[in-house]
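When we follow the working numbering, the leftmost residue of the sequence shown carries the number 2, and every step to the right adds one. Single-structure report; data block below.
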Amino acid sequence: MHSSNALYTDLSGYYDLMCADIDYQTQSQSARRLHQFFGGNGRTHLDLACGTGPHIRHFLDAGYQSSGLDLNQPMLDKARQRCPEAHFTLQNMCDFTLEQQVDFITCFLYSIHYSASIKNLKACIHSVFNALKPGGVFCFNAVDKDKIDNNSYVRHSAVVDDSHFVFESGWNYSGTGETQTLNLSIEKTTTDLKQLWQDQHPMVAVSFAELELLLCPYFEVHILEHNYEKIAAWDQDAGNAVFVCIKR
Ligand SMILES: C[S@@+](CC[C@H](N)C(=O)[O-])C[C@H]1O[C@@H](n2cnc3c(N)ncnc32)[C@H](O)[C@@H]1O
């Protein structure tokens, strides 16, 4: 199996298995806490690059009126099954519009980096600004290009029926330019067959200082520790963080 440009079309069947170790409930709870802390009482919500909709399920269950946006129809089909009461749109997060502004916009699992270039990242930020109500909150996580460790990766395995899966993901940044890659691999082993699926996906590379500058014209920006258990300021050192942005 090999793919370069149809990442999530190919992956949609494996996506939830690949993410089986992610604590979506805790992430969603943490985001709601941040919204209430920084934002207020509104309950309309949009999840950007929502994938198969795991966060949306938790937001709906907590009483939010959630909707989802993704570029990939197979991912949205799965999200619709999981969240029949939510509204989903097939749009690019770098150029999207909503019929009605919302109170809260999230973007999880570093998906904002899929904007792929600084120009598109700016357009994404601008679209988010337009889609939020006054005082609305935009919450996402990101990685700082200058702190990427090219040797570090996340790995986990799963067994389904007769197949053994090994999933690996890691960032790579050459040290210059506005592109870093997300390297994903899935190895599927059945009794007598081993299949390897690998993807190197171009993602936008940005330092947190640059990102803050892009956001500041539109938002009051808080950079927080990447910790879903508590609200604490980013220590200026960690390579990942949660950004909470309040519409000016
Ligand atoms: C790593 S998945 C994250 C899904 C979900 N947020 C989660 O936490 O499980 C990235 C998602 O981003 C979507 N995506 C990639 N580029 C996009 C774009 N430009 N606009 C909207 N969605 C995009 C992909 O289709 C995929 O569903």
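Just so it is clear, CB atoms sit at the ideal spot from N, CA and C, and this is done for glycine as well. Note that the coordinates shown come from a computational prediction; the quantities given were computed from them, not determined experimentally.
### Message
Just to confirm my understanding: we take Ala302, look at its own chain, exclude 5 residues before and 5 after, and list those with CB closer than 7 Å. What are they?
### Response
Because the chain is modelled from 2 through 249, residue 302 falls outside the range shown and cannot be assessed.
### Message
How far does the alpha helix (DSSP H) with Val207 in it extend, from its first residue to its last?
### Response
Here residue 207 refers to the residue found at position 206 of the sequence shown. Val207 -> no alpha helix (DSSP H), and no H or E assigned at all.
### Query
In this structure, does DSSP put Pro75 in helix, strand or coil?
Taking the sequence shown and counting its residues from 1, one reaches residue 75 at position 74. Correct three-state label for Pro75: helix.
#### Entry: Residues sharing a beta bridge with Thr191, DSSP
Counting from 1 along the sequence shown, the entry for residue 191 is found at position 190. Per DSSP, Leu194.
### Query
Alpha carbon to alpha carbon, how far is Thr182 from Arg34?
The count along the sequence shown starts at 1 and reaches residue 182 at position 181. The count along the sequence shown starts at 1 and reaches residue 34 at position 33. Their Cα atoms are separated by approximately 31 Å.
### Query
Just checking my contact of Cys246 with Val103 at CB under 8 Å: how many whole Å lie between their CB atoms?
Within the sequence shown, numbered from 1, the residue matching residue 246 stands at position 245. Within the sequence shown, numbered from 1, the residue matching residue 103 stands at position 102. About 14 Å separates the two Cβ atoms, so there is no contact after all.
### Task
May I have the straight-line CA-CA distance separating Gly240 from Val129, to the nearest angstrom?
Here residue 240 refers to the residue found at position 239 of the sequence shown. Here residue 129 refers to the residue found at position 128 of the sequence shown. Whole-angstrom Cα-Cα distance: 24 Å.
#### Entry: As assigned by DSSP and simplified to three states, the class of His3
Counting from one through the sequence shown, the residue named residue 3 turns up at place 2. With a pLDDT of 38 at His3, under the threshold of 50, the modelled position of this residue cannot be trusted; read the value that follows with caution. The answer is strand: DSSP assigns His3 an E or B state.
### Message
Between which residues of its own chain and Ser5 is the CB-CB distance below 6 Å, once the five residues before and five after are set aside?
### Response
What you label residue 5 is simply residue 4 of the sequence shown in a count that begins at 1. Any reading at Ser5 must be qualified, since the residue scores a pLDDT of 38, below 50, and its modelled position is unreliable; no value is offered.
### Task
Decide if the region 148 to 163 is in contact with the region 217 to 236; the criterion is three or more beta carbon pairs, one per stretch, under 8 Å apart.
no
### Task
List the residues that DSSP assigns as beta-bridge partners of Asn142.
Within the sequence shown, residue 142 is the residue found at index 141, counting from 1. DSSP output for Asn142 lists Val243 as bridge partner(s).
### Query
Which two residues bound the contiguous beta strand (DSSP E) that contains Leu35?
Stepping through the sequence shown from its first residue, residue 35 is reached at position 34. From DSSP, Leu35 is part of no beta strand (DSSP E) but of the alpha helix (DSSP H) over 25 to 39.
### Task
Please name the residue, chosen from Ser170, Gln237, Ala32, Leu70, that lies closest to Asn152 on a Cα-to-Cα basis.
Residue numbering aside, residue 152 sits at position 151 when the sequence shown is read from its first letter. Out of Ser170, Gln237, Ala32, Leu70, Ser170 has the C-alpha closest to the C-alpha of Asn152.
### Outcome for Gly52 when other beta-carbon atoms lying within 10 angstroms are tallied against a minimum of 16
Taking the sequence shown and counting its residues from 1, the one referred to as residue 52 is at position 51. So Gly52 ends up on the buried side.
### Query
Does the beta-carbon of Met2 have 16 or more other beta-carbons within 10 angstroms, so that it is buried, or is it exposed?
In the sequence shown, counting from the first residue as 1, residue 2 sits at position 1. Model confidence at Met2 stands at a pLDDT of 36, short of 50, so the residue's coordinates are unreliable and nothing is read from them.
#### Entry: Coarse secondary structure for Phe233, derived from DSSP in three states
For the purposes of this step, residue 233 is identified with residue 232 of the sequence shown, where counting begins at 1. Here residue 233 is Ala; the residue named in the question, Phe, does not match the sequence. Ala233: coil per DSSP, three-state reduction.
### Query
So which residues touch the region around ligand 1, with touch meaning a C-beta under 5 Å from any heavy atom?
Tyr9, Ala50, Gly52, Asp71, Leu72, Asn73, Met76, Asn93, Met94, Phe109, Leu110, Ser112, Tyr115
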